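Student: In my numbering, the protein residues as written are 12 to 102.
Have a look at this one.
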Amino acid sequence: MVFISTRISSRLIKVKVYFEDSEILTIRYKPQFQEVEAFSYIGGFIGIWLGISLVQVADVFESIFRITRFIFKKGSSCSMKSEARTESGVI
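Next comes the structure, spelled out in structure tokens:
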């Protein structure tokens, strides 16, 4: 880089700048994460923050299903026993 300056008058200065290299530096942005990875990280952080994961949600639904199935099986077996007792004459 070469600087050349000349005084034209007492208040003005003319400066010419010459670069030895006329290289142009081009910077391209490439995201660190893809969209899918970004969403998975966000979901993971929300899951940690809330203390909930999809496995726990599935476990809750499975528990509810098993409890209701147990109640309905118990209720239907009790009604079958009472029907058998009335048919045999025992009340």
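Cβ coordinates follow ideal geometry from the N, Cα and C atoms, glycine included.
A quick note: this is a predicted structure, and the numbers were derived from the prediction, not measured.
Taking just the CA atoms, how far does Q67 sit from E73?
Tutor: For the purposes of this step, residue 73 is taken as the residue at position 62 of the sequence shown. For the purposes of this step, residue 67 is taken as the residue at position 56 of the sequence shown. In a straight line, the C-alpha of E73 is about 10 Å away from that of Q67.
Student: Tell whether a beta-carbon distance below 7 Å holds between G58 and S51.
Tutor: Position 47 of the sequence shown, counted from the first residue, corresponds to residue 58. Position 40 of the sequence shown, counted from the first residue, corresponds to residue 51. Contact flag unset, no.
Student: How many angstroms separate the CA atom of L23 from the CA atom of F30?
Tutor: Translated into positions along the sequence shown, residue 23 becomes position 12. Translated into positions along the sequence shown, residue 30 becomes position 19. Each residue's Cα considered, the two are about 23 Å apart.
Student: Restricting to runs no shorter than 4 residues, where is the alpha helix (DSSP H) found entirely within the region 35 to 67?
Tutor: Segments of the alpha helix (DSSP H) lying fully in the region 35 to 67: 46 to 61.
Student: Quick check: the Cα distance between A76 and K41, rounded to an integer number of angstroms?
Tutor: As a first step, residue 76 is located in the sequence shown; it is residue number 65 there, counting from the start. As a first step, residue 41 is located in the sequence shown; it is residue number 30 there, counting from the start. For clarity, residue 76 is Phe in the given sequence; the question names Ala instead. About 47 Å.
Student: Once DSSP output is grouped into helix, strand and coil, what is the label at E73?
Tutor: Reading the sequence shown from its first residue, position 62 is the one you call residue 73. Three-state DSSP puts E73 in a helix.
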